[in-house]
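Novice: Residue numbers (my numbering), protein chains in the order written: chain A, 433 to 653; chain B, 433 to 653.
Right, I'll just put the structure down here and ask away after.
2 protein chains.
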Amino acid sequence: MEIFTIKEDILSRNNEQAKDVRALLDGKGIFYVNLMSSPGAGKTTVLSKLIPRLSDDFRIGVIEADIDSDKDALAIERETGARVIQIHTAGACHITCQMSLEALQALGTDGLDLIFLENIGNLVCPAEFDTGADMNLVLLSVPEGDDKPLKYPLMFEVAHAVAVTKTDVAPIFDFSFENAEKNIRKRNDSAKIFFTSALNGKGIDELEQYIRSETVRKIKK
Amino acid sequence: MEIFTIKEDILSRNNEQAKDVRALLDGKGIFYVNLMSSPGAGKTTVLSKLIPRLSDDFRIGVIEADIDSDKDALAIERETGARVIQIHTAGACHITCQMSLEALQALGTDGLDLIFLENIGNLVCPAEFDTGADMNLVLLSVPEGDDKPLKYPLMFEVAHAVAVTKTDVAPIFDFSFENAEKNIRKRNDSAKIFFTSALNGKGIDELEQYIRSETVRKIKK
Chain A
433 MEIFTIKEDI LSRNNEQAKD VRALLDGKGI FYVNLMSSPG AGKTTVLSKL IPRLSDDFRI
493 GVIEADIDSD KDALAIERET GARVIQIHTA GACHITCQMS LEALQALGTD GLDLIFLENI
553 GNLVCPAEFD TGADMNLVLL SVPEGDDKPL KYPLMFEVAH AVAVTKTDVA PIFDFSFENA
613 EKNIRKRNDS AKIFFTSALN GKGIDELEQY IRSETVRKIK K
Chain B
433 MEIFTIKEDI LSRNNEQAKD VRALLDGKGI FYVNLMSSPG AGKTTVLSKL IPRLSDDFRI
493 GVIEADIDSD KDALAIERET GARVIQIHTA GACHITCQMS LEALQALGTD GLDLIFLENI
553 GNLVCPAEFD TGADMNLVLL SVPEGDDKPL KYPLMFEVAH AVAVTKTDVA PIFDFSFENA
613 EKNIRKRNDS AKIFFTSALN GKGIDELEQY IRSETVRKIK K
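Here you go:
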């Protein structure tokens, strides 16, 4: 039983801190996006498609979180020229709000309009920890299967938007867009749903427009 | 700091309990396999291919662990006729040894030779918790990318065997078998590595033979 009590304390402190992070970013007019998915669902690829489309209008920062390796941070820096930092979680399977705050400080928020946090690839734990982000963007890749919202409920419950990725390979996997949408809706009746492919460009315009309009809505406040 | 101290206590208690589970299963001559991977890497599919090939020679039980849904347990029961139970982890992202023990008791170990535990789809947390299994079999699916051992080190360190799955789609993904092997070897210099496809059958014979010989080695003791 004790572990659950401890966990509740940790989560309640985390939620308090998330309010502080939001207040800090609200004060500076910065929109903060927390990108979550399974390993290899396409987080880095989606960022490498979105950032060049958004960087004429917004000053963009990226926090790459991994347990180990700096491969993604190097790729994003090389491909987009955005301000990027890599954080390592020392084995941890998620980003707490404390880590989020320290990463924002290390990145340096001054002069930025839009910050992406690429969370640890994990459909479970990251969903429990509010990072202080304005938007939780969850990716579900076609090869994983359309049943994942049934098995990993919280991740889809906390999503403001879900992007189904790698739709170009749907014909060779047993994946139904209709079932995916139905399963997402079982967990979440308001999240925006996008069907995307980084390969053929499907849905990237729509996802870009959504992030653009949400960012503008915040920074114009 | 406190969270790490607590975690150490939990892990040390867990490791003690894993010894008890091993002693219990050793006494009964049962081989216990812990199957771990990202969500959607093919754990259930691999089981549905292996079990029919092994069930003439071994009496097989399956523990299906999920946060929610009983889809996998129903599929395994329907497709293989093995003795199956579904356990739900109440949100937890991994199976502790206590859960493993309770699941073994609920399944009923009498009369079995070989038990598979299908762990929660997660490349991080399940690796930290010894379930008392004789073998950690880790799946890495081609669509996830060949870099995953770099980013999720512990999972590949604790593996006794790694099966690369969905190799039939390698031509359409940016996945190099050579890099995958190199990256697995960075984490683990002794794990067996299999390249498999449930679709075209590649590597399934070899994986079956490996599990068969390890099972025989134990139950003949």
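Backbone N, C-alpha and C fix where the C-beta goes; we use that ideal spot for every residue, glycine too.
None of the values given here were measured: they were computed from a predicted structure.
Residues of chain A with CB closer than 8 Å to the CB of GLY472(B), please, in chain order.
Specialist: Ordered by position in chain A, the residues that pass the 8 Å Cβ test against GLY472(B) are SER470, SER573, PRO575, GLU576, GLY577, LYS580.
Novice: Could you work out which residues of chain B lie near TYR584(A), taking near to mean beta carbons separated by less than 7 Å?
Specialist: The answer, in chain order, is PRO471, ILE499.
Novice: Cβ of GLN449(B) versus every heavy atom of the ligand NAP: is any distance shorter than 7 Å?
Specialist: Among the components of this structure there are no ligands whatsoever, and the ligand NAP is therefore not found.
Novice: Considering only the alpha carbon of each residue, which of ASN551(A), PHE561(A), THR563(A), GLY564(A) lies closest to LEU571(A)?
Specialist: Closest by alpha carbon: ASN551(A).
Novice: Should HIS526(A) go down as buried or exposed, given a rule of 16 or more other Cβ atoms within 10 Å for buried?
Specialist: Buried, because 16 or more other Cβ atoms sit within 10 Å of the Cβ of HIS526(A).
Novice: Within the 8 Å Cβ cut-off, does LEU555(A) reach chain B?
Specialist: Yes - at least one Cβ of chain B is within 8 Å of the one on LEU555(A).
Novice: Does any residue of chain B bring its CB to less than 8 Å from the CB of VAL601(A)?
Specialist: By this cut-off, VAL601(A) is an interface position.
Novice: Less than 8 Å between C-beta atoms, sequence neighbours within five positions excluded: which residues of the same chain meet that for SER573(A)?
Specialist: Cβ neighbours of SER573(A) beyond the five flanking positions: SER469, SER470, GLY472, ALA473, GLY474, VAL596, THR597, LYS598.
Novice: What does the alpha-carbon distance come out to for the pair ARG510(B) and VAL516(B)?
Specialist: Taking the straight line from one Cα to the other gives about 10 Å.
Novice: Report the option in ALA602(B), ILE499(B), GLU640(B), GLU610(B) whose CA atom is closest to the CA atom of LEU546(B).
Specialist: Minimum Cα distance to LEU546(B) is reached at GLU640(B).
Novice: When you compare only the Cα positions, how much space is there between GLU589(B) and GLU638(B)?
Specialist: Cα to Cα, GLU589(B) sits roughly 22 Å from GLU638(B).
Novice: Counting only Cβ pairs nearer than 8 Å, list the residues of chain A close to ILE508(B).
Specialist: Correct list: empty, because the minimum Cβ distance to chain A is about 14 Å.
Novice: So is GLY543(A) in contact with chain B if we call contact Cβ pairs under 8 Å?
Specialist: By this cut-off, GLY543(A) is not an interface position.
Novice: Using a Cβ-Cβ cut-off of 8 Å (strictly less than) and excluding sequence neighbours within five positions of PHE605(A), which residues of its own chain qualify?
Specialist: Result list for PHE605(A): VAL574, PRO575, GLY577, in chain order.
Novice: If we cut at 8 Å on Cβ distances, does GLY523(A) have a partner in chain B?
Specialist: Yes, its Cβ sits closer than 8 Å to a Cβ of chain B.
Novice: At the level of alpha carbons, what is the spacing between ALA538(B) and GLU440(A)?
Specialist: Distance between the alpha carbons of ALA538(B) and GLU440(A) is about 29 Å.
Novice: Got a sec, what are the start and stop residues for the beta strand (DSSP E) PHE627(A) sits in?
Specialist: 624-627 is the extent of the beta strand (DSSP E) around PHE627(A).
Novice: If you follow the beta strand (DSSP E) that TYR421(A) is part of, which residue opens it and which one closes it?
Specialist: Look at the range of chain A in this structure, 433 to 653, and you will see that residue 421(A) is not part of it.
Novice: Tell me which residues of the segment 595-625 of chain B have at least one Cβ-Cβ distance to chain A shorter than 9 Å, keeping chain order.
Specialist: Listed in sequence order: LYS598, ASP600, VAL601, ILE604, PHE605.
Novice: Grab me the residues of ASP562(A)'s own chain with a C-beta within less than 7 Å of its C-beta, minus the 5 sequence neighbours each way, in chain order.
Specialist: Excluding sequence neighbours, ASP562(A) sits near ASN446, ASN447, ALA450, CYS529.
Novice: Among all the DSSP beta bridges, which residues are the ones paired with ILE495(B)?
Specialist: Answer is ILE517(B), LEU549(B).
Novice: Which first and last residues belong to the alpha helix (DSSP H) in which SER480(B) is found?
Specialist: Residues 475-486.
Novice: When we look at the beta-carbon of ALA535(A) and count the other beta-carbons within 10 Å, is it buried (16 or more) or exposed?
Specialist: Burial call: buried.
Novice: Let me confirm a value: SER622(B) is counted as buried when at least 16 other C-beta atoms fall within 10 Å, else exposed. Which label applies?
Specialist: The residue is exposed, with fewer than 16 neighbouring Cβ atoms inside 10 Å.
Novice: In chain order, what residues of the same chain lie with their CB nearer than 6 Å to the CB of PHE607(A), ignoring the 5 residues before and after it?
Specialist: Correct list, in chain order: VAL574, ASP578.
Novice: Determine, using beta carbons only, whether ILE499(A) and LYS618(B) come nearer to each other than 8 Å.
Specialist: For ILE499(A) and LYS618(B), no; Cβs fall outside 8 Å.
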